[in-house]
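*Asks:* In our numbering, the protein residues as written are 247 to 368. What follows is a single structure, and I will ask about it in a moment.
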């Protein structure tokens, strides 16, 4: 009997805390430093909590053009709701840009400042 290889990429959880991923299994709990086989679609918005160990993944983000000939005009920052009344500002690659949790108004202010500084660089 020949052993088959997994077609899904191998990920390791790098964020603290336990995560329940219902896309994999209704009761699947993933702990820090645990390795799993999953697609980027299965990880969804939690893909930023994992690091790719093996395999190739093509992730299409909001700032990535669908047409290869089209050049992006600017990358967009997003405000992500993290808890009751708390927000993070995420870069187009999914990196948290603020040092601590922010309230909604402060998160929007930081987002606009980051986008203005980006326009100044262009």
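For each residue, glycine too, the CB sits at the ideal point set by N, CA and C.
Might you give, ordered along the chain, the residues of its own chain that have their beta carbon closer than 7 Å to the beta carbon of residue 284, omitting 5 neighbours on each side?
*Replies:* The residue you call residue 284 lines up with position 38 of the chain shown. So the list reads 254, 257 and 270, once near-sequence residues are dropped.
*Asks:* Just the Cα atoms here: how many angstroms apart are residue 263 and residue 359?
*Replies:* Reading the chain shown from its first residue, position 17 is the one you call residue 263. Reading the chain shown from its first residue, position 113 is the one you call residue 359. Going by C-alpha positions, residue 263 is about 31 Å away from residue 359.
*Asks:* If we ignore side chains and look at the alpha-carbon of each, how far apart do residue 297 and residue 351 end up?
*Replies:* Walking along the chain shown from the start, residue 297 turns up at place 51. Walking along the chain shown from the start, residue 351 turns up at place 105. The straight-line gap from Cα to Cα measures roughly 31 Å.
*Asks:* Can you give the beta carbon distance from residue 333 to residue 349, rounded, assuming they're within the 8 Å contact cut?
*Replies:* Position 87 of the chain shown, counting from 1, holds the residue named residue 333. Position 103 of the chain shown, counting from 1, holds the residue named residue 349. Indeed, because the Cβ distance is near 7 Å, the residues count as touching under 8 Å.
*Asks:* Quick one: grab the DSSP three-state call for residue 326.
*Replies:* Within the chain shown, residue 326 is the residue found at index 80, counting from 1. Correct three-state label for residue 326: strand.
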